[in-house]
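I have placed the structure first, in the form of C-alpha cells, so that the comments after it can refer back to it.
Number of protein chains: 2
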Amino acid sequence: MSLSERKMKILQAIINDYIATAEPVGSRTIAKKYNFGLSSATIRNEMSDLEEMGFIIQPHASAGRIPSDLGYRLYVDTLMQKAELQEREKNFLQGVVANNMNQIEYLMDETAKILSSLTNYTTIMSDPIVHSRTIKKIRFMALENNDVLVLVGTDGNMVKNHTMHLDAVPDDEELFRLSCIINDYLSGQSMEHVDERAINSLRAALPGWGQLINAVLKAVEKTTESLSPQFHLTGAKNMLAFPEFSDVEKAQKLIETLEEKDVMKNLMSVPPKEGQDVQIYIGNELGIDEMKDCSIITTHYKLSEHVTGTIGIVGPTRMNYSQVIAVLNGMVKNMEDTIAHLQQKNQPLRRQLTDSSRKKQTEQDS
Amino acid sequence: MSLSERKMKILQAIINDYIATAEPVGSRTIAKKYNFGLSSATIRNEMSDLEEMGFIIQPHASAGRIPSDLGYRLYVDTLMQKAELQEREKNFLQGVVANNMNQIEYLMDETAKILSSLTNYTTIMSDPIVHSRTIKKIRFMALENNDVLVLVGTDGNMVKNHTMHLDAVPDDEELFRLSCIINDYLSGQSMEHVDERAINSLRAALPGWGQLINAVLKAVEKTTESLSPQFHLTGAKNMLAFPEFSDVEKAQKLIETLEEKDVMKNLMSVPPKEGQDVQIYIGNELGIDEMKDCSIITTHYKLSEHVTGTIGIVGPTRMNYSQVIAVLNGMVKNMEDTIAHLQQKNQPLRRQLTDSSRKKQTEQDS
DNA sequence: AATTAGCACTCGATGTCGGTGAGTGCTAAC
DNA sequence: GTTAGCACTCACCGACATCGAGTGCTAATT
Numbered sequence: 001m002s003l004s005e006r007k008m009k010i011l012q013a014i015i016n017d018y019i020a021t022a023e024p025v026g027s028r029t030i031a032k033k034y035n036f037g038l039s040s041a042t043i044r045n046e047m048s049d050l051e052e053m054g055f056i057i058q059p060h061a062s063a064g065r066i067p068s069d070l071g072y073r074l075y076v077d078t079l080m081q082k083a084e085l086q087e088r089e090k091n092f093l094q095g096v097v098a099n100n101m102n103q104i105e106y107l108m109d110e111t112a113k114i115l116s117s118l119t120n121y122t123t124i125m126s127d128p129i130v131h132s133r134t135i136k137k138i139r140f141m142a143l144e145n146n147d148v149l150v151l152v153g154t155d156g157n158m159v160k161n162h163t164m165h166l167d168a169v170p171d172d173e174e175l176f177r178l179s180c181i182i183n184d185y186l187s188g189q190s191m192e193h194v195d196e197r198a199i200n201s202l203r204a205a206l207p208g209w210g211q212l213i214n215a216v217l218k219a220v221e222k223t224t225e226s227l228s229p230q231f232h233l234t235g236a237k238n239m240l241a242f243p244e245f246s247d248v249e250k251a252q253k254l255i256e257t258l259e260e261k262d263v264m265k266n267l268m269s270v271p272p273k274e275g276q277d278v279q280i281y282i283g284n285e286l287g288i289d290e291m292k293d294c295s296i297i298t299t300h301y302k303l304s305e306h307v308t309g310t311i312g313i314v315g316p317t318r319m320n321y322s323q324v325i326a327v328l329n330g331m332v333k334n335m336e337d338t339i340a341h342l343q344q345k346n347q348p349l350r351r352q353l354t355d356s357s358r359k360k361q362t363e364q365d366s
Numbered sequence: 367m368s369l370s371e372r373k374m375k376i377l378q379a380i381i382n383d384y385i386a387t388a389e390p391v392g393s394r395t396i397a398k399k400y401n402f403g404l405s406s407a408t409i410r411n412e413m414s415d416l417e418e419m420g421f422i423i424q425p426h427a428s429a430g431r432i433p434s435d436l437g438y439r440l441y442v443d444t445l446m447q448k449a450e451l452q453e454r455e456k457n458f459l460q461g462v463v464a465n466n467m468n469q470i471e472y473l474m475d476e477t478a479k480i481l482s483s484l485t486n487y488t489t490i491m492s493d494p495i496v497h498s499r500t501i502k503k504i505r506f507m508a509l510e511n512n513d514v515l516v517l518v519g520t521d522g523n524m525v526k527n528h529t530m531h532l533d534a535v536p537d538d539e540e541l542f543r544l545s546c547i548i549n550d551y552l553s554g555q556s557m558e559h560v561d562e563r564a565i566n567s568l569r570a571a572l573p574g575w576g577q578l579i580n581a582v583l584k585a586v587e588k589t590t591e592s593l594s595p596q597f598h599l600t601g602a603k604n605m606l607a608f609p610e611f612s613d614v615e616k617a618q619k620l621i622e623t624l625e626e627k628d629v630m631k632n633l634m635s636v637p638p639k640e641g642q643d644v645q646i647y648i649g650n651e652l653g654i655d656e657m658k659d660c661s662i663i664t665t666h667y668k669l670s671e672h673v674t675g676t677i678g679i680v681g682p683t684r685m686n687y688s689q690v691i692a693v694l695n696g697m698v699k700n701m702e703d704t705i706a707h708l709q710q711k712n713q714p715l716r717r718q719l720t721d722s723s724r725k726k727q728t729e730q731d732s
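Residue numbers (our numbering), protein chains in the order written: chain L, 1 to 366; chain E, 367 to 732.
Have a look at this one:
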C-alpha cells in the first residue's frame, strides 16, 4: 500500500491538530475541521490504513489517533511547510541581537532565554567553540607572590590567559624582552603540537629560563584543552507546562537527563550536514529512554571563521517543528547578519567572541 | 499562657515528624512514637493550646497539625539541635573541595551540585564577588585590526582585561613604554574615582595619546562595573520531588521565581550578620507569595580578603534545617580550610579566584 | 487539678458503579 | 469507492457509600 495524496493530507491534518491540542484526534474531527469533502467513515478507513502503515497510533481502543515517531519523521521530511517568522518574533530577535552584541556572554544567555520564551520549549546552547590552532603572540604580566599571567594570543585574534607560578619572576621589562624572544620561536606554531626543535632552540636561546618556558608551554596546552565546549540549559521549566509531563516524576527524570551534560554533548556535537540548516531527532531516534516523548532540533551558528557553536531546542515530540525551525534559522541569520554588519564598520568584533570564549576557559596552575 | 517545657517538646516532636513525613501529624502518633508517658488525649489538649498560640495549624478539621511559619521560627531559634555532619557528607565535601581547587569555576559549579545532592534541595550560589577598589598596574597587548587588549591589575592581585579599539595602535614595545608611564600616574588610584588631577597630568605627560588614555579609563570603568555578582541556580529539579510541589503549576511558578535573578539577588545580598553563620528565612518571611511554602538558608563564604560570596539553599518550609546548616557550614569551612592550606604552600591561590571572577566579568568595547 | 478513657463527630481519601460521550470497526446500502 | 448506520469499547465523571485518622468534649480517675 502506498501513501496516496489523500492519505498524506489526512496525516498532515492529524499531526497539525495533535500539535495544537495534545489530544488524540478522531475521524470526525478531521472530517469537520478540514474540508476534504469526505465523511468521517472514509477518513476512518484511511486512518486505519495509516495506522497499519505505522504513521499513527491508537493509544487505546476507543480513542482517536496520535502521530508515531515515524509519522513525525514523514511530516518533518516532506509534509511540513516552512513557517514564516512572525513579525513579533522578527522584531524580538533583531532587538536582542543588535542591542547586546557588545557582550557576548550576555548575548548568548539572552538568546537562549528568548528562544525559550518564543517557542515555549527548552533551549540548549553551547558556548562559542573556538577553533584556533596556531600560536601568534605570547605576553606576560607579573603579579604578586611570584605569579605570572601568561597571555596566549592565537590566530583568529583571540587571547587567553593563564596564571602560572614561578620560583622567581623577573620584572615587567625583562618579561617583555623575554616574551619577544619566545615569540620568535613559538609564533606560528601549532597549539597542539609545538615543534620539538622550536622548543629546544628556545631553551638553548634562553638558558636559565626553563621554568618560564615550561609555564608558557603549559599555558598553551591549557589553552588548547579549554576548547571543549560548555553547554547551558535554559527554560527547562517550560517542559512542565506540557501535558506530556504533567506527571511530575516523568518531568523530573527528563530534566535530570537534560542536565546530564554528557548525554546532550554527543547530540550537540554532531557536525552540521551539508546543505541542511537544522537537524531533527524525533522521539526514540534520540536513543534515550527518558526522552522518548521528546524531539530535539539543533542548528549551528558561525560567528567567525574560528568561532562556531550549537543551539538546540527540546520539546515534546508533538512540538511545532516548523515554528521552531523558523525561529532557529531566524536567530542564527540575525546573529550572523549583525556580526557582518559590525565587521563592516570595523568594530572589534572578533575580539568579543574571543573574550566570551576566554571567559569559560580561563584557567590557571596550582 | 506560656510555653511550658512539655509544650516545647511536643512542638519539637511535631516538627520533626512533619519534616520527615510531610504529613499532618496527629496526637496519637506523637503519643506512640515519642515516649512522653502521656496519653493521646493529653497531647491533644496541649496541641490545642499550641494551635491557639499560633505555632501549629490544622489544615482541615479532621486532620493532624502542621507547623506554622511561627512554629518553624521558634524551632530554628531555640529548639533545633545542631546536627553533626555525617561521615559520608564530610568525606564528600572534603574530596570535592580538595580535588578541584585549581579550577575555581568548576569548583563552584561542583560545590553547588554537591550541596544539592547532599541536601536534596536547590542551591543558589553567587560567583565570588571581588571587592577590589584600587588600580595597581595597567598593561597592553596589541591585537589585529587596531584593537588593543587592556589589562587592568587591581589590589588583591586580580587582573581583568578589556578589548578596546583605537584609530592607530603602536607596536608592543611602544605600548609597554606607554603603560609604564600610565602606571606612574594611575597606580594606587581608586577605581571608582580616578583623581581628576592625575588624569590631567597624565594627559599632559602623553600628548597625542588621548585616545589610548580614554581607552584605559574606559577599561577601568568597565572593570568596576563588572563587580556586580552573578547567581547560579542548581538542582531546581529537586523541588519537584516534594509533595508540596506535586502540583506542576505551583512547581513551575516556583522555579520561575527562583530563576528571576532580581528576586533572589536582594535576599542573597543581605550582608552577613555579626556572629551568625547562617541566615534563615521561613515561608512568608521571604515576602514572596510564590515562595510561601519555601524556606531559604543562606551563608557567606570568604575566599580571601577581597573575594566573598553567598550560598543559599532553598527547600520547603519543612526542610531539614539542622542538616542544611551543618552541611553549609561544613562546606564553607572546608573551602576556607583548603584555601588556607594552599596559601601556606605558597600556591597562587588568589589568582584562581581572580581568574574565576574575571571569567564572568571579562568585557570589551565595541 | 491534672490526666485519661470513651465517644460522637468531622472530613478527606478511597472505592464502586452507572451514565455519558467520543471514537472505533464492521456491514450493508448507495 | 464512499457513506450511513449501528453495536461496541473505554476513558472520564459524578454520585454515593465506606473507611479511618483525627478531633473536641465530657465524665471518670488519680
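Idealized CB from N, CA, C, for every residue including glycine.
When the alpha-carbon of E/Val496 is set against those of E/Lys699, E/Met524, E/Leu484 and E/Leu515, the nearest one is in E/Met524. For E/Val673, no Cβ of chain L is located within less than 8 Å of the residue's own Cβ. Contact annotation: L/Gly71 and L/Gly26 have beta-carbon atoms that are not nearer than 8 Å. Contacts with chain E at 8 Å (Cβ-Cβ) include L/Gly153. Neighbours of L/Lys160 in chain E, taken as residues whose beta carbon is under 9 Å from its own, are absent, since the nearest beta carbon is some 10 Å off. When secondary structure is reduced to three states using DSSP, E/Val690 falls in the helix class. In terms of Cβ geometry, L/Thr298 and L/Leu254 do not form a close pair [threshold 8 Å].
Look at E/Thr408 here: in three-state DSSP terms it is helix. For L/Phe231, no CB of chain E lies under 8 Å from its own CB, so it is not counted at the interface with that chain. Taking the Cα positions, L/Asp167 is about 21 Å away from E/Lys503. Judged by beta-carbon spacing, L/Ile311 lies beyond the 8 Å limit of L/Ser295, meaning their Cβ atoms are not closer than that value. In the DSSP annotation of this structure, the continuous segment of the alpha helix (DSSP H) that includes L/Arg6 starts and ends at Glu5 to Thr21. Per the coordinates, the alpha-carbon of E/Leu624 lies some 9 Å from the alpha-carbon of E/Ile490. With respect to the 8 Å criterion, L/Gly235 and L/Tyr321 are not classified as neighbours on the basis of their beta carbons.
Rounded to whole angstroms, the gap between the alpha carbons of L/Val220 and L/Met191 is 6 Å. For L/Ile311, there are no neighbours in chain E by C-beta distance under 8 Å, as the nearest C-beta there is about 19 Å away.
Annotation: the continuous alpha helix (DSSP H) that includes E/Met634 extends over Lys627 to Ser635.
In terms of Cβ geometry, L/Pro59 and L/Pro24 form a close pair [threshold 8 Å]. Between L/Met319 and chain E, the shortest Cβ-Cβ separation is not below 8 Å. Secondary structure note for E/Asp538: its alpha helix (DSSP H) is the uninterrupted segment Asp538 to Leu552. The alpha helix (DSSP H) runs of length 4 or more contained entirely in the stretch 478-510 of chain E do not exist; there are none. Excluding residues up to 5 positions away in sequence, Lys619, Leu620 and Thr623 lie with their Cβ nearer than 7 Å to the Cβ of E/Glu656 in the same chain. Counting along the chain, the unbroken alpha helix (DSSP H) around E/Gln577 starts and ends at Gly576 to Glu591. Not a single C-beta of chain L is nearer than 8 Å to the C-beta of E/Lys699. Contact between the stretch 503-513 of chain E and the stretch 148-157 of chain L is present, with at least three C-beta pairs closer than 8 Å. Taking a Cβ-Cβ cut-off of 7 Å, the neighbours of L/Phe176 in chain E comprise Phe542, given in sequence order.
Distance from L/Ser126 to L/Pro229 at the Cβ level is roughly 4 Å; contact confirmed, criterion being Cβ atoms closer than 8 Å.
Of all residues in the stretch 388-418 of chain E, none has a C-beta nearer than 9 Å to a C-beta of chain L. Residues of the stretch 118-152 of chain L whose Cβ lies closer than 7 Å to any Cβ of chain E, in chain order: Arg139, Met141, Leu143, Glu144, Asn145, Asp147, Leu149 and Leu151. With 16 or more other Cβ atoms inside 10 Å of its own Cβ, E/Gly681 counts as buried. Shown here, E/Leu669 sits in a strand according to DSSP, grouped into three states. For L/Thr257, the secondary structure class from DSSP, reduced to helix, strand or coil, is helix. E/Gly420 sits exposed, since fewer than 16 C-beta atoms from the chains shown fall within 10 Å of its C-beta. Using beta-carbon distances, E/Ile480 does not count as an interface residue toward chain L, since no partner is under 8 Å. E/Lys448 is not a Cβ neighbour of E/Ile654, given a cutoff of 8 Å. Following the DSSP letters along the chain, one finds E/Ile565 inside the alpha helix (DSSP H) bounded by residues Glu562 to Ala571.
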